[in-house]
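S.K.:
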Amino acid sequence: MKKRILKSLFAMICMLCSISVSAYDFRVDRIYYNITSATELTCEVTSGSSEYSGAVVIPQEAVYNGNIYKVTSIGSYAFAYCSGLESVVIPNSVTSIGSYAFAYCSGLESVVIPNSVTSIGSYAFAYCSGLESVVIPNSVTSIGSYAFAYCSGLESVVIPNSVTSIGSYAFAYCSGLESVVIPNSVTSIGSYAFAYCSGLSSVVIGSGVISANNIFGGNNPAKVIWLPNTPPSGYGVGGKVNYVANSSYNFNWSTTYIYDHLSSMFESDGVIYVPVNPAERTCDIIDCSYSEKANAIDVEKTVNYKGIAMNVVNIRPYAFYDNDYIKSLKINFFGEIPNYAFYDCDFIPEVHIGSEITNIGNDAFYSCSGLTSATISNQGDIGNDAFYDCSSLAYIDLRNTGSIGTSAFSGCTSAASLRIAPTVTAIGDYAFSGCKKIGDVTIEDRETELTLGSNGSSPLFSDCPLDEVYIGGKIKYDTNSNYGYSPFYRNTSLRTVTITDTETTVYDNEFYGCTNLKNVKIGNGVTSFGMYAFSGCSAIEAFEFGSHVETIGAEAFSDCTSMTKLVSHNPVPPVCGNEALDDINKWECTLYVPATAAEAYKGADQWKNFFFVDDVANYVPTAIDKTVATGNEKTETARYDMSGRRVTKSYKGLVIIRYADGTTAKMMK
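As structure tokens, this is what we get:
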């Protein structure tokens, strides 16, 4: 009996709960209403027995039992959990949007909030993951706690000058939100109002804010511009970079910039500037617009401000951070591109960095996945991770650069060729890690030494399927096994190596284990080959070296069993280390030497074992590209470097030669 009573009581409770959830006074045209005042004839939109779906247009008035009721509010939970709801138009008669009114409407993409609305309740649009943009009208004075929390698709929100308070967690977990401008009318921002907005790059906090209690929580935006002269109470941490008007703020001063005229910042063509010195007419770039205004960014030496040309002095770190609106970029500026300046700007197609740029900071173009070409002519350094993970970058031209930082081009998986100018002095560790298409490397002729790093315990170019390498001067690297022995160690795709006449040394293990290496040409500047320099290069067919090689290290050519032509231009036989030439098949390989030195080679240790010795004048070089025949019948019409620029015959490096018959050949000159 007791069990039956309990069951009946439970059923009644469930029924009452069901009635309370779906209770409504009347329904007109798919919309449910509750009467809020029978005397003033007002009503609110509420939930009903069926979920709202598709596009809903709420009328200003609803007729019921002969009475015309004015729609003045959207009730609590009115549209909550209606996942099929796509769009809502709210009429001008509505003054308030209740708590949870549209909560969990995951399919809601757009909502029109009229100028009549004065308050937006707590959780009103929480968890509306499909909502992309919201324009809050200038009639709204308060935004409730959690009002737009967890709207992961929300990319932009316009907060008008009428709003005075923003509740706690109001926009928390809006991971797609990129920028926010909090107007001067706002006096208080609740705790964690913009917490965990992982995509938030730029925030401007208006001068009226007097209370801002730890508003960013655990995810600090890239840039925060604080306009209040007095720090708001409870302001806590700021952005990765903070801009303030005075030193009252307790931030890390290494990432905080003080501008006396911060409130006079201005925008021009998507770039935000702040005046620095009115007398000198100077300004800095501190931020950018996260909108269509930033489609084409031109960083110039001057900018027009109220009809007067201002000189641009600095670009500040993170200035264009994570801006996916930038589709075109030109940098005609004298100074430095700072750290994180264009970090994660996915749609920049190309960049030309002129000679007036001094340095490129760390992570400056990090993960700009749409970047296809970078011409870098700056005279300074390229920082660590500067072009890291620019996966579409197909061509890297380093013209006047000083040094290349750690992981600078790591992850540039589309890069096919690399040209390193004589000005480059050092290339850091992991600089080309993950560059799985770089086939051609040209180290241009140089007088200064080039220091090369490694991929940790692997060679610098271990991830690159090298085909042809031109070395135009002395290179230096750590030959220790902990650093991969050499940049080219065991690069099994490398096919051709040319080393110029500039004085240099082929170090120990430099081309050890390059099992596909077929042709090597070494100029007159090289004086020695280190131990195991070409050991394991079992495919080498032709090897030519200049007139100044004096010593060949132990086992330099061990396992070079396919060699058929060994060419020495030195009239004096080089001194060979232990077993330097032992594995060369002396019965099949022809030794080419100066005619006057033939007898000297026939009497020298290890050289005397060659069966065939011929005059070096009779040597015919093997073509690098065997798909194109070479000979006097070919008439050259033009030659180009690997970027497509036409060059003269005096140009040294990897070139593409076009012949009169329409064929082309790729050769190292």
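Heads up, the sequence shown is in the numbering used here, so the first residue is 1 and it goes up one at a time. Where is the CB? At the ideal position from N, CA and C, for every residue including glycine. Being a predicted model, the structure only gives us computed values, none of them experimental.
1) If you compare alpha carbons, which of 528, 320 and 168 is closest to residue 217?
2) Give every residue of the same chain whose Cβ lies closer than 7 Å to the Cβ of residue 696, excluding the five residues on either side of it in the sequence, and list them in chain order.
3) Keeping to the same chain, check which residues put their C-beta closer than 7 Å to that of residue 25; ignore five residues upstream and five downstream.
4) Please list, in chain order, all residues of the same chain as residue 257 whose beta carbon is under 6 Å from its beta carbon, the five residues on each side excluded.
5) Where does residue 398 fall in DSSP's three states?
6) Check residue 254 in the structure and name its three-state DSSP category.
7) Tell me which same chain residues have a C-beta within less than 6 Å of the C-beta of residue 595, skipping the five on either side of it?
8) If we call anything under 8 Å between Cβ atoms a contact, is residue 314 one with residue 339?
9) Taking just the CA atoms, how far does residue 452 sit from residue 679?
10) How long is the line joining the alpha carbons of residue 60 and residue 211, rounded to whole angstroms?
11) May I have a chain-ordered list of the beta strand (DSSP E) segments no shorter than 3 residues that lie completely inside the stretch 312 to 393?
12) Count the other CB atoms within 10 Å of the CB of residue 261; is the residue buried (16 or more) or exposed (fewer)?
13) Which runs of the alpha helix (DSSP H) fall wholly inside the stretch 54 to 101 and span at least 4 residues, in chain order?
14) Hey, how far is the Cα of residue 657 from the Cα of residue 284?
15) Is the beta carbon of residue 530 less than 8 Å from the beta carbon of residue 501?
16) Which first and last residues belong to the alpha helix (DSSP H) in which residue 599 is found?
17) Where does residue 482 fall in DSSP's three states?
18) Tell me, to the nearest whole angstrom, how far the beta carbon of residue 122 is from that of residue 94; I am working on the premise that it is less than 8 Å.
19) Within the same chain, show all residues whose beta-carbon is closer than 6 Å to that of residue 275, passing over the 5 residues directly before and after it, in chain order.
20) Are there 16 or more other CB atoms within 10 angstroms of the CB of residue 419, so buried, or fewer, so exposed?
21) Could you check whether residue 534 and residue 576 sit closer than 8 Å to each other, using their CB atoms as the reference points?
22) From residue 353 to residue 332, what does the alpha carbon distance come to, in whole angstroms?
23) Would you call the stretch 605 to 612 in contact with the stretch 503 to 517, where contact means no fewer than 3 C-beta pairs closer than 8 Å?
24) Take residue 468 as the anchor and find which of 600, 516 and 225 has the nearest alpha-carbon.
25) Taking just the CA atoms, how far does residue 176 sit from residue 15?
26) Rank 272, 214, 187 and 435 by C-alpha distance to the C-alpha of residue 228 and give the top, closest one.
27) Pop quiz: residue 415 and residue 396 are said to be a contact at Cβ under 8 Å. What is the actual Cβ separation, rounded to whole angstroms?
28) Where does residue 326 land, buried or exposed, given buried means 16+ other C-beta within 10 angstroms?
29) Please return the same chain residues whose Cβ sits closer than 6 Å to the Cβ of residue 21, not counting the five positions on each side in sequence.
30) Quick check on DSSP: helix, strand or coil for residue 293?
31) Residue 686 lies in the beta strand (DSSP E); which residues open and close that run?
32) Would a C-beta distance cut-off of 8 Å place residue 272 and residue 291 closer than the cut-off?
33) Ordered along the chain, which non-local residues of its own chain (more than five positions away) have a Cβ less than 8 Å from that of residue 450?
34) Grab me the residues of residue 334's own chain with a C-beta within less than 7 Å of its C-beta, minus the 5 sequence neighbours each way, in chain order.
35) Pick helix, strand or coil for residue 306, following the three-state DSSP scheme.
M.R.: Reading it off the structure:
1) 168
2) With the chain running from 1 to 669 in the structure shown, residue 696 is simply not present.
3) 33, 34 and 35
4) 243
5) strand
6) helix
7) 615
8) no
9) This structure does not reach residue 679, given that the chain is present from 1 up to 669, and the question cannot be answered.
10) 37 Å
11) 328 to 331, 335 to 337, 350 to 353, 357 to 360 and 373 to 376
12) exposed
13) none
14) 47 Å
15) no
16) 598 to 602
17) helix
18) Contact doesn't hold; Cβ gap of about 17 Å is too wide.
19) 261, 264 and 283
20) buried
21) no
22) 8 Å
23) no
24) 516
25) A caution first: residue 15 carries a pLDDT of 34, below 50, which makes its placement in the model too unreliable to give a value.
26) 187
27) 5 Å
28) buried
29) The predicted model places residue 21 with a pLDDT of 46, which falls under 50 and marks its position as unreliable; any figure quoted below should be read in that light. No residues qualify anywhere along the chain.
30) helix
31) Lying before the first or after the last residue shown, residue 686 is absent from the chain, which here runs from 1 to 669.
32) no
33) 420, 424, 425, 426, 427, 443, 473, 474, 475 and 476
34) 301 and 356
35) coil
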